[in-house]
């Protein structure tokens, strides 16, 4: 037998000679419970794995809303700027605003207020007719959409119009002078006039001086035929009826019926839309007895989302005249406009829009220059 030094005995459970001590040691541990782990000691594998899973879940939860919001914005590009013909005699008839092929959700109510401010100088005379429109117009339109069912909405437009002398004549003359493109209709004409005159075969309707009134209210129903799928665009149709709620020079005094076709492609930050409108008056222009005919319009626009909140717009608009037989292009011929603008999302449900409209293709017919301001959102 050898002599063992103090402290040389093996730890309990590590040596054969110490089995009784080991049993006593383990019994004592079981009664006392498991020892507390130091903060510096590594955690058990299951606890470490659970911690890693929780951390990953928190990271995904923080990133998911931003990603989902970006996808939602990409799926809902900004709507076109809702331009419609503001000048000449065409404003008396049903004019559809430019829209995307989409509708509000069933049961939802969306409101819009838009101001279309324009400067118009149209003047000419012939054997059968004469026209002189020289004024600035502020047309304020309240627009409501209500979701009747999935893919179907009701639309109501209520316009109020103010005609007066305005302030843009001098500004436009300065700009035209810079580009050496002066409108002959402005020559020899004092600034600040307010005239809305038309005559046809001895019948005349003249309104001089500032004037304001309710325009013709119209009601429409718009439905989505199918949504975009791959290269196939979204498609929607709309039918509408204009009611004779206004009086000359703010309405034709007769009902108009019309329909439109809406086509659109939407991508992550880019959207292209096309709208084709057609309408027919139900009677001659009551104020002067000018014959009417079916007429239409085509709007083409692209929108580019520069940021998640700001989009840029480029649009073209062309329309034919609802009037005929006067021998004056200012009455019988159509008009074409170029629009540049932007829209900004100011909240998850509201956006504002600004557009500058120039009559570069038909400068002697329709409005000379217009500004569009608007705001839309859920109610």
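Numbering (the numbering used here), first residue to last: 325 to 703.
C-beta atoms are modelled at their ideal positions from N, C-alpha and C, and glycine is treated no differently.
Computed from a prediction, not measured in an experiment: that's the story for all the values here.
* **Distance, residue 433 Cα to residue 674 Cα** => Roughly 13 Å separates the two Cα atoms.
* Whose C-beta lies closer than 7 Å to the C-beta of residue 409 among residues of the same chain, with five residues either side of it excluded? -> Taken in chain order, the residues that qualify are 415, 419, 643, 659 and 690.
* Asked: DSSP on residue 483, reduced to helix/strand/coil?
  -> strand
* List the residues that DSSP assigns as beta-bridge partners of residue 601. => 584 and 621
* Asked: Buried or exposed: which applies to residue 526, given that a residue is buried once 16 or more other Cβ atoms fall within 10 Å of its Cβ?
  -> exposed
* Asked: If you count every other CB in all the chains shown that lies within 10 Å of the CB of residue 530, and 16 or more means buried, which is it?
  -> Result: exposed.
* **Delimiting residues of the beta strand (DSSP E) encompassing residue 458** => 453–473
* Asked: For residue 653, which of 406, 454, 628 and 617 has the nearest alpha-carbon?
  -> Comparing Cα positions, the closest option is 454.
* For residue 517, write down the residues that DSSP places opposite it in a beta bridge. => None, per the DSSP bridge assignment.
* **Helix, strand or coil at residue 412 according to DSSP, with G and I counted as helix** => In this structure, residue 412 counts as helix in the three-state DSSP scheme.
* In three-state DSSP terms, what is residue 494? -> helix
* Verify whether the separation of the beta carbon atoms of residue 401 and residue 586 is less than 9 Å. => Not closer than 9 Å, so no.
* To do: Would you decide whether residue 672 is buried or exposed? Buried here means 16 or more other CB atoms lie within 10 Å of its CB.
  => exposed
* **6 Å CB neighbourhood of residue 421 in its chain, flanking five on each side removed** => Counting only Cβ-Cβ distances below 6 Å, and skipping sequence neighbours, we find 406 and 408.
* Return the first residue and the last residue of the alpha helix (DSSP H) that residue 655 is part of. => 653–656
* Length-filtered (3 minimum) beta strand (DSSP E) runs lying within the segment 607–692 -> 619–629, 634–643, 659–669 and 674–682
* For residue 593, which three-state DSSP category applies? -> coil
* Please confirm whether residue 655 and residue 442 have their CB atoms less than 9 Å apart. => no
* What did DSSP end up calling residue 499 once you bin it into helix, strand or coil? -> helix
* Grouping DSSP H, G and I as helix and E and B as strand, with all else coil, what is residue 432? -> coil
* Close beta carbons around residue 638, own chain, < 7 Å, minus the five adjacent residues each side -> 625, 626 and 664
* Asked: Can you tell me whether DSSP reads residue 509 as helix, strand or coil?
  -> helix
* When the Cα of residue 602 is compared with those of 487, 561 and 448, which residue comes out closest? -> That would be 561, whose Cα lies nearest to the Cα of residue 602.
* residue 600 versus residue 532 - alpha carbon distance -> 35 Å
* In the DSSP assignment, find the beta strand (DSSP E) that holds residue 564 and state where it starts and stops. => 558–566
* To do: Figure out for me which residue from 460, 466, 479 and 448 has the closest Cα to the Cα of residue 488.
  => 460
* If you drop the 5 nearest sequence neighbours on each side, which residues of the same chain put their C-beta closer than 6 Å to that of residue 623? -> 422, 599 and 641
* Asked: Which partner residues does residue 526 have in the DSSP bridge list?
  -> According to DSSP, residue 526 bridges with nothing at all.
* Asked: Expressed to the nearest angstrom, what Euclidean distance is found between the alpha-carbon atoms of residue 701 and residue 431?
  -> 14 Å
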